[in-house]
Amino acid sequence: MLKFKRMPKSEKEYALNLARREINMEAKRLDQYKTYLLYQSQKKIGFTSFNYRPQDKTIYIYILAFEQHAQRQGYAAQVLSKIMHYGCKKYPDFKGLTATVRKTNAAAINCLQKYGFQLIKERKNYLDFFHPVTEGKFL
């Protein structure tokens, strides 16, 4: 079972390095989001960073990154489901999840589409996705 632990400041370098290495991203705004380390058993396998956006009543997934050995193992579904559940429980007006990915990040695009996210906006270098709150099970 996947466990979430709030990321202490002492682990920020881990998150920054993982984001650079696995998703080619400079996570410059990490401090602006709720960030959790992800563990399988006692082993750290990645992190996620997200926040509620009251202007559109969604939770924006800023980053979801896994160690290479933990990719394509179904962990993304567990993380997205847990964040969806958190949003439903914490925010009465919650409408769903949003995420933005680079057009060149085929793995992230495939992952989001696999789990029911729909493309809502295309920009020069990025794609914006949305997954509405659903009845019952998320994924």
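Under our numbering, the first residue of the sequence shown carries the number 41, and numbering increases by one thereafter.
We treat Cβ as the ideally placed atom computed from N, Cα and C, and that holds for glycine.
Everything numeric in this text was worked out from a predicted model, so none of it was measured.
- Rounded to whole angstroms, the separation of the alpha carbons of T138 and I101 is 6 Å.
- Here the C-alpha atom of Y76 lies approximately 18 Å from the C-alpha atom of R61.
- Of the residues I63, F106, Y92 and G156, the one whose Cα lies closest to the Cα of T144 is I63.
- When beta bridges are read from the DSSP output, L42 appears opposite Q80.
- In terms of Cβ geometry, I103 and A67 form a close pair [threshold 7 Å].
- Taking the Cα of R69 as reference, the smallest distance to any Cα among L78, P172 and L56 is reached at L56.
- Inclusion of A147 and A105 in the CB contact set at 7 Å is not warranted, their separation being larger than that value.
- If you compare the alpha carbons of C151, Y92, Y73 and R112 with that of Y131, the shortest gap goes to Y92.
- If you look at K52, you'll find it isn't in any beta strand (DSSP E); it sits in the alpha helix (DSSP H) that goes K52 to I63.
- Distance from the CA of K83 to the CA of D168, rounded to the nearest whole angstrom, comes to 31 Å.
- Going by C-alpha positions, I149 is about 12 Å away from F170.
- Contact between E107 and G86 holds: their C-beta atoms lie close to 6 Å from each other, under 8 Å.
- The Cβ atoms of S50 and Y73 do not sit closer than 7 Å to each other.
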